[in-house]
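Using numbering that gives the first Met the number 0, you'd call the opening residue of the first sequence number 0 and step up by one each time.
For reference, the structure is listed below as C-alpha cells.
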Amino acid sequence: MEPFKWFAILSWGTFISLFITLDQSEADGLEQMQTMVLGEVLKDVDTACKLLNISPDPLGWSSLQVQKWLLWTEHMYCLPRVSMLFQGLSGQDLCSLSEAQFRQHSAQFGDMLYAHLDVWRSGTWKNDVTTNQVYFSNLKMFNDLLFPYSCVYEGPVFFADVVCGYHNQPIHLWQFLRELLLRPHNYSHCIRWLNKEMGIFKIEDSAHVARLWGMRKNRPAMNYDKLSRSIRQYYKKGIIRKPEESRRLVYQFMHPI
DNA sequence: CATGAGGAACTTA
DNA sequence: TAAGTTCCTCATG
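What follows is the structure, encoded as C-alpha cells:
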C-alpha cells in the first residue's frame with residue numbers, strides 16, 4: 000500500500016502535518032488514516048468555501064462561482080489554465096457532466112477535476128470538522144481517494160467505462176481489475192499485464208488486490224479466497240477465464256478491447 | 001500452504 | 001434478478 004497516493008488532493012501544509020502525525024504513530028491502522036485524510040479533505044473544502052464565499056454544494060453555484068472554484072483548484076493543484084476550458088457553466092451544468100465529458104474538456108486533467116468536484120458533490124456527509132468525526136453518505140469519494148487523480152490514464156479508455164457511465168452504477172469486479180491494470184504506474188506491483196493484447200494479466204499481490212477490492216465495495220472481510228471465487232463466476236459468463244496454459248494467479252479477459 | 005474449481009445459501013443494489 | 005459474498009469441500013503442486 001502506498002499511502003502517499005491518498006494525499007493527492009491535500010494541500011502541502013496538511014500533507015506535511017499529516018505525515019508527521021502518521022510518522023509518530025505508525026501503528027495506526029489503515030482505517031484511522033483514512034479518517035484522518037478525509038477529515039483534512041473536509042477542512043480544505045471548508046476553508047475554500049469561506050475563502051471563495053461559495054456554498055459547499057456545487058449544484059448551487061453560479062457560473063461565476065464555478066469559475067472561482069476552478070481558479071482555486073487550478074491554483075491549489077497546479078493545473079495550468081483549466082478554468083478557461085469550462086466557460087459559462089453553472090454548478091448544475093458542471094455536475095451533469097460525466098467523467099468522459101470532463102476528459103473531453105481537458106484530456107490531461109479532466110479526470111482529476113472530475114474527482115475533485117466529486118469530493119465536493121458527495122459532501123452530503125454528517126460532518127463535524129472540529130472533532131474530525133467523519134461519516135460518509137457516499138463511498139464514491141472514498142473510492143476516488145483510492146484512485147489517485149495525479150496520474151493520467153495509460154492506454155485507451157475502455158468502451159464500457161465511457162459508455163455505461165459506470166460511475167453511477169455499482170462497479171463490477173472485472174471493471175475494477177481493469178482500472179487497476181490501466182494504472183500500472185500505481186498498481187503494477189500488485190496486478191499487471193503479462194500480455195495486454197491478449198488480455199492476460201497476473202495478480203502479483205493477491206492480498207493487496209483483495210484489500211483494494213474490499214475497500215471499493217466496503218467489504219472489510221474481503222480476501223483473495225472470495226475475490227477469486229467471484230472471478231471464477233466469470234468463467235461461464237465469458238468475461239474472464241484461465242489462459243491456455245493455466246498458471247497460478249494468471250487470468251485472461253475473454254474480450255480484450 | 002496458497003491456489004483453484006465449483007456447489008450452495010445468502011446479501012445487496 | 002444480477003452480481004457478487006460467504007462458506008464450504010476437495011484437488012493440486
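Every residue, glycine too, gets a C-beta built ideally from N, C-alpha and C.
Note that the coordinates shown come from a computational prediction; the quantities given were computed from them, not determined experimentally.
With 16 as the cutoff for other CB atoms within 10 Å, does residue i come out buried or exposed?
| i | result |
| --- | --- |
| MET111 | buried |
| ARG102 | buried |
| TYR113 | buried |
| PRO57 | buried |
| TYR234 | exposed |
| LEU63 | exposed |
| LEU226 | buried |
| LEU50 | exposed |
| ALA106 | exposed |
| ARG210 | buried |
| ARG218 | exposed |
| GLU98 | buried |
| ARG275 | Because the chain is modelled from 0 through 256, residue 275 falls outside the range shown and cannot be assessed. |
| ASP127 | Unreliable placement is indicated for ASP127, whose pLDDT of 39 sits below 50; the coordinate value is still reported in the next sentence. It counts as exposed. |
| ARG120 | buried |
| ASP27 | Because the pLDDT of ASP27 is 45, which lies under 50, any placement of that residue in the model is unreliable, and the number read from its coordinates should be weighed accordingly. Answer is exposed; the Cβ neighbour count stays below 16. |
Do residue j and residue i count as a contact pair if the criterion is CB distance below 8 Å?
| i | j | result |
| --- | --- | --- |
| THR72 | HIS115 | yes |
| LEU181 | VAL249 | no |
| MET214 | PRO255 | no |
| CYS189 | HIS207 | yes |
| LEU88 | VAL118 | no |
| LEU96 | SER82 | no |
| GLY90 | TRP60 | yes |
| PHE175 | TRP212 | yes |
| ASN191 | GLU203 | For the record, residue 191 in the displayed sequence is Arg; it is not Asn. Yes. Within cutoff. |
| PHE53 | LYS67 | One detail in the question is off: residue 53 reads as Ile in this sequence, not Phe. Their beta carbons are under 8 Å apart, which means ILE53 touches LYS67 by this criterion. |
Determine the extent of the alpha helix (DSSP H) in which residue i is found, giving its start and end residues.
| i | result |
| --- | --- |
| LYS235 | 223-236 |
| GLY109 | 109-120 |
| GLY90 | 90-95 |
| GLN174 | 172-180 |
| ARG102 | 98-104 |
Have a look at the DSSP bridge pairing and note the partners of residue i.
| i | result |
| --- | --- |
| VAL249 | LYS201 |
| ILE239 | PHE252 |
Hey, quick one: how far does the beta strand (DSSP E) through residue i stretch, first residue to last?
| i | result |
| --- | --- |
| ARG191 | 190-194 |
Cβ contact check for the region 237-246 and the region 205-225: 3 or more pairs under 8 Å: no
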